[in-house]
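**Student:** For the sequence shown, the numbering used here gives the first residue as 763, with consecutive numbering after it.
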Amino acid sequence: MTELTGARLRARGSLGDLLRVGPTLDLMDIDPGSTPGLPKKKDPKGWAREQLTGIGAELARHQEMLYANAKATGDRRRLLLVLQAMDCGGKDGTIKKVAGAMNPLGLHIVGFGPPTDEERAHDFLWRIRRALPEAGQVGVFNRSHYEDVLVARVDSLVPERTWRSRYWQINGFERELVNGGFVIVKVMLHISYQEQRERLLERLTDPTKHWKYNPADVDARARWTDYQAAYNDALSKCSTEYAPWHVVPADRKWYRDWAVANIVREALVGMDLSYPKADFDIAAERRRLKTDRATAGARGERQVNGE
Ligand code: AMP
Ligand code: MG
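#1: Counting C-beta neighbours from all protein chains within 10 Å, is the total for TYR1037 16 or more, i.e. buried, or is it exposed?
#2: Could you please give the first and the last residue of the uninterrupted beta strand (DSSP E) stretch that includes GLY799?
#3: Pick out the complete beta strand (DSSP E) segments inside the stretch 997-1053, 3 residues or longer, and give them in chain order.
#4: The ligand MG and ASP979: does the residue's C-beta get closer than 8 Å to at least one heavy atom of that ligand?
#5: Beta-carbon separation of TRP1020 and ILE817 under 9 Å?
#6: Are LEU828 and LEU841 closer than 9 Å when you measure CB to CB?
#7: With three or more C-beta pairs closer than 8 Å as the rule, is the stretch 956-975 touching the stretch 806-817?
#8: Are there 16 or more other CB atoms within 10 angstroms of the CB of ALA832, so buried, or fewer, so exposed?
#9: Work out the CA separation of ALA893 and VAL872 for me, nearest whole Å.
#10: Answer yes or no: do GLY799 and SER1001 have a C-beta to C-beta separation smaller than 9 Å?
#11: Ordered along the chain, which non-local residues of its own chain (more than five positions away) have a Cβ less than 6 Å from that of ARG1070?
#12: Excluding the 5 residues preceding and the 5 following VAL1080 in the sequence, name in chain order all residues of the same chain whose CB lies nearer than 8 Å to its CB.
#13: For ILE792, which three-state DSSP category applies?
#14: For a test of the three-state rule: what should DSSP assign to LEU951, helix, strand or coil?
#15: Is it true that the CB of VAL916 sits closer than 9 Å to the CB of ASP988?
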């Protein structure tokens, strides 16, 4: 197992670049317990948790600028964060920590389970299109159209030629989104087989977590190797220059949160956002407010025949 180093991060510039998936991928080469790009610290966990607070404030500020531009200038841009992972990979926890730092007003969070009968009657991207964030929003997908090349492949829900044709369909779909103003950030939270066992056992031990336990997760776990192969293909075939995939080692929750928050921050910074300029005369508006004469009703005075 390789540990990606801070030196490589400095050479490549950003955490997103460091964790980005290239044309080939073998998840076996990435240690789920590693902390690539994390500066050397005495107390890495404490440091990462503290940093997260600052990054969260930055996320909130950029999100507000994105939202403000859509409202004030009709800017069509938006950001979509796609999260994928094996069960217990930490998608929910990441959403709580990373999206939780932003204003709910500008967030659009959607989880995808097995398709309903209605969804199944359409092509696999139909329900995804309906769930996309609007201009100015930050969208978060908890699972996504990638399930249609992951579980659909591993559980043979469709013939091989069908799921194989979906890689290029997905790339075309994401190209279309990016052309329409989307910035797409895709993150796979990579946990180990051992860590998944620990987390599943924890869910059994803690009665407040029983609702999260699904016996079917153990069946998916039994197909771990098939899933890893499906992930290798999906991530490498669909990691494009316009919508790259990232693998975030996720056995350590504090690293996972820090890394995802950083990747999202970098994407938002790359959008080069600023607060929209006023399209009215500020001085004139100020004068109007200082000298205005309200109607009797607005002054709270009783009107004789008024409402
Ligand atoms: P959870 O994220 O724990 O709520 O589980 C959602 C379940 O829905 C997982 O078992 C996924 O594999 C399954 N799922 C999501 N999308 C699809 C899909 N397109 N086809 C089949 N199963 C899906
Ligand atoms: Mg689950």
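Glycine included, C-beta positions come from ideal geometry on N, C-alpha and C. All values reported here derive from a predicted model rather than from experimental measurement.
**Tutor:** The structure says:
#1: Of the residues assessed, TYR1037 falls on the exposed side of the cut-off, its CB having fewer than 16 other CB atoms within 10 angstroms.
#2: Per DSSP, GLY799 lies in no beta strand (DSSP E) and is assigned neither H nor E.
#3: If we require 3 residues or more, the beta strand (DSSP E) runs fully inside the stretch 997-1053 come out as 1007-1011.
#4: For the ligand MG, at least one heavy atom lies less than 8 Å from the Cβ of ASP979.
#5: Closer than 9 Å, so yes.
#6: LEU828 places its beta carbon less than 9 Å from that of LEU841.
#7: Because the criterion of three Cβ pairs below 8 Å is not met, the stretch 806-817 and the stretch 956-975 do not touch.
#8: Flag for ALA832 reads buried.
#9: Rounded to whole angstroms, VAL872 to ALA893 spans 7 Å at the Cα level.
#10: No; because the gap between Cβ atoms is not below 9 Å, this pair is not in contact.
#11: No statement about residue 1070 is possible, as the shown extent of the chain runs from 763 to 1069 and does not include it.
#12: Examination of residue 1080 is not possible in this model, given that the chain is present from 763 through 1069 alone.
#13: In the displayed model, ILE792 falls within a strand according to three-state DSSP.
#14: In this structure, LEU951 counts as strand in the three-state DSSP scheme.
#15: Remark: C-beta atoms of ASP988 and VAL916 approach each other more closely than 9 Å.
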